[in-house]
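A short write-up of the structure that comes next.
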Amino acid sequence: MIRFLKAAAAAVLIGLPASAADSTGVPVAYFTPGSPGIVQFNVILDGKPIEETWTKAVDGLFAFLDRNNDGQLDEAERAFLGGRSGRRPRSIVDLTGEVSPSDLSGRLTFEKGVEKVDKAVFVEALKAAGFGSVNVQFLAAPDNSAALTNALFRHLDADGDGKLSRSELLAARERLEFLDVNEDEWLTAAELLTRATGRQTALAPRTRPQDPAPSNPNDLLSLSAQPLKAVKQLLAARGKAKATTLGRGEMGMTEKVFAAFDRDGNGQLDTDELLGWLKQPPLLMVNLALQSDAAKSTVTPLGVATAAGSRFEVAAPSNSSVAEWTVTTSQLRLAFKTAAKDGVVEKAKLKDQSALTAAFGVLDRNGDEKLDEKELTAALDAFAPLAVCRADISVVDQGRGLFELIDSNGDGQLSQRELAAMPTVLKDFLTTDGSLTKNQVPRSFPIRPVVNGIRPLGMSVSPRDVADFAVSPQMPASRPAASASALAWFVKMDRNGDGDVSRKEFLGPLELFNKLDADGDGLISVDEAKAAKE
């Protein structure tokens, strides 16, 4: 089970090593106003530190590329993996999964004029390109986040006092019902904003929202696990050019917090004092026990924690790497079997549409432009550890977005269940009188971990080929659906497929609905339907 652990707690996540030294630690600086701190990610993969698994896989990749076994990669050996046209021609790897064409994090480059690179340089190039054992990516909130918050307050604040009382939160479903233009009992962002602005526009059918755009918010900074490197990153990100110290304003600290680290009292934090700041207990510790077996790594429930006045929510890890690698190897072996003559495939005779075409250069290790089954198997065996060797962690800065906070599954629309849950979701942020103001809407950071890999160029497959397995790294897979084992009447009545039967959907008498709705929340859940049968 994945949980968030506050640093002050001595608890250890079930299934994880008792010591952080047994996992790969990735610190992220969070410059929350007044008292910045660290959000620490500790990651293991299949019971081992993910760095250990990644290093073994990358060692195998380097050895395979090093065709003359001299411990270095010359331009000819690097060229076996080819390069993309356009920017950064020495790109040799692609991320597993969906990657934006404009995302340059998937480009591996070396200094111009360098004829040979050793393993250390190769490893650093991989990390710099975003293919390290753990890559943390920051994503920006939607552009309409503030407008959605304003619209929700406008419609829910019945007495116009600038805050939402508990009774107003409880009445959210009724007060927002008129906004549901197509009467499907889903409230989309478009429906909310169309009525809020007073402009009537055609509404498109419900679709999955676009993933947030990559961003580098000033309040979040991924740091090296090596303290001195982390200090250099802090100086470069928060200080002036060639800074060797940071002042209180640059660190965003209150006088009291700053004084605790400014040991010499000179108004600046030097390297030693910044090292002291890095050593303080994290604001939040996120322990991720990832598995290469998708069934084991995707069933973990969501975990929520509040730290430094912000709300962090981790999604169950997703993993399409195994499925992608299975599809890739199957396609390559089938293409080989189809094209082989007397057990050999000649590059000159390959058709352009063959799956072998793009990957032929890297598979043909001896460079004779011929490929036999032994050579193909050796290449696939060498690349197999790359399929599941790393993790991507997307941190979405949703700001103080009320809509995003209510939208628990991140599908860009509010279900009846999500609206009904508003008082529960917001209970930790209400004032003593039980109300909520805009300033009290917490800053939210959904965190989406993905078990991932490295694909040599020409060895990636289209996400459409693994549509049953692929999961976006930024968003949950789908909205909740009624269980396949639910009663037939329930499935038929749940016309909008949100996993609940509302009063509008229920076809029987009101008395029966109220009897089935055991908790009286105005919705019949799958569990309530089953309980009634029993």
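Residue numbers (mature numbering (1 follows the signal peptide of the UniProt record, and there is no 0)): -20 to -1, 1 to 514. Don't be surprised by glycine CBs; every beta carbon is placed ideally from N, CA and C. Given the structure is predicted, the values throughout are model-derived calculations rather than measurements.
Where the alpha helix (DSSP H) through residue i begins and ends
| i | result |
| --- | --- |
| VAL481 | It is not in any alpha helix (DSSP H) - VAL481 instead sits in the beta strand (DSSP E) that spans 480 to 482. |
| GLY256 | 251 to 259 |
| SER125 | 125 to 136 |
| VAL368 | That residue, VAL368, is in no alpha helix (DSSP H); it is neither H nor E in DSSP. |
| GLU491 | 490 to 496 |
| LEU343 | 336 to 343 |
| ALA401 | Looking at the DSSP string, ALA401 is not in any alpha helix (DSSP H), and its letter there is neither H nor E. |
| PHE158 | Neither: PHE158 is in no alpha helix (DSSP H) and is coded neither H nor E. |
| SER147 | 146 to 150 |
| LEU385 | 382 to 386 |
| ARG228 | 228 to 231 |
| ALA240 | 235 to 241 |
Residue i classed as buried or exposed, judged by whether at least 16 other C-beta atoms fall within 10 angstroms
| i | result |
| --- | --- |
| LYS143 | buried |
| ASP497 | buried |
| GLN260 | exposed |
| GLN206 | exposed |
| GLU163 | exposed |
| PHE158 | exposed |
| ALA509 | buried |
| VAL73 | Because the pLDDT of VAL73 is 36, which lies under 50, any placement of that residue in the model is unreliable, and the question is left without a value. |
| ASP344 | buried |
| GLY500 | exposed |
| ASP391 | buried |
| SER415 | buried |
| GLU91 | exposed |
| ASP413 | exposed |
Assigned secondary structure, residue i (DSSP; H/G/I helix, E/B strand, else coil)
| i | result |
| --- | --- |
| GLN20 | strand |
| ALA221 | coil |
| LYS331 | coil |
| ASP191 | Any reading at ASP191 must be qualified, since the residue scores a pLDDT of 46, below 50, and its modelled position is unreliable; the value itself is stated next. Here ASP191 sits in coil by DSSP. |
| ALA120 | strand |
| GLU467 | Here the sequence assigns Leu to residue 467, which means Glu is not the residue at that position. Looking at LEU467 - three-state DSSP - the assignment turns out to be coil, as it is neither helix nor strand. |
| SER395 | strand |
| ASN48 | coil |
| LYS354 | helix |
| THR318 | helix |
| GLU293 | strand |
| ASP361 | helix |
| LYS96 | strand |
| THR286 | strand |
| PRO262 | coil |
| ASP377 | strand |
| ARG475 | coil |
| residue 524 | Given that the chain is displayed from residue -20 to residue 514, the structure contains no residue 524 and the question cannot be resolved. |
| GLU326 | strand |
| residue 541 | The displayed coordinates of the chain run from -20 to 514. Any statement about residue 541 would go beyond what the structure contains. |
| SER505 | strand |
| ALA(-12) | Confidence in ALA(-12) is poor, its pLDDT being 34 and thus under 50, which makes the residue's placement too unreliable to answer from. |
| ASN162 | coil |
| VAL441 | Per-residue confidence for VAL441 stands at a pLDDT of 45, beneath the threshold of 50, marking its modelled position as unreliable; the derived number appears in the next sentence. Reduced to three states, the DSSP call for VAL441 is coil. |
| LEU106 | helix |
Start and end residues, beta strand (DSSP E) containing residue i
| i | result |
| --- | --- |
| PRO7 | 4 to 10 |
| LEU53 | 52 to 54 |
| PHE425 | 423 to 432 |
| LEU201 | 200 to 202 |
| LEU167 | 166 to 168 |
Pair within 9 angstroms by beta-carbon distance, residue i and residue j
| i | j | result |
| --- | --- | --- |
| ASN299 | VAL368 | yes |
| SER272 | SER310 | no |
| ALA19 | PRO262 | Note that residue 19 is Val in the sequence shown, not Ala. In contact: VAL19 and PRO262 (Cβ atoms closer than 9 angstroms). |
| ASP39 | GLU57 | no |
| PHE11 | GLY232 | yes |
| VAL6 | LEU200 | no |
| LYS354 | LYS327 | no |
| PHE383 | SER125 | yes |
| VAL266 | PHE111 | no |
| ALA105 | THR89 | yes |
| ILE373 | VAL103 | no |
| ILE434 | LEU270 | no |
| ARG243 | GLU230 | no |
| ILE386 | ALA371 | no |
| LEU360 | LEU312 | yes |
| GLY17 | ALA287 | yes |
| LYS495 | ALA512 | yes |
| LEU156 | LEU167 | yes |
Item to check | Stretch-stretch touch, CB-based, cutoff 8 angstroms, three pairs: the region 377 to 387 with the region 416 to 425 | outcome: A contact exists between the region 377 to 387 and the region 416 to 425.
Next on the checklist: Taking contact to mean 3 or more Cβ pairs, one atom from each stretch, closer than 8 angstroms, check whether the region 34 to 53 and the region 91 to 101 are in contact.
Outcome noted: Yes, since at least three Cβ pairs between the region 34 to 53 and the region 91 to 101 fall closer than 8 angstroms, the two stretches touch.
Checklist entry - Is there contact here, the region 473 to 481 with the region 391 to 399, by at least three beta-carbon pairs under 8 angstroms? => result Contact holds: three or more Cβ-Cβ distances are below 8 angstroms.
Checklist entry - Okay, do the region 307 to 325 and the region 283 to 299 touch, 3+ Cβ pairs below 8 angstroms being the bar? => result By the Cβ criterion, the region 307 to 325 is not in contact with the region 283 to 299, since fewer than three pairs of Cβ atoms, one from each stretch, lie closer than 8 angstroms.
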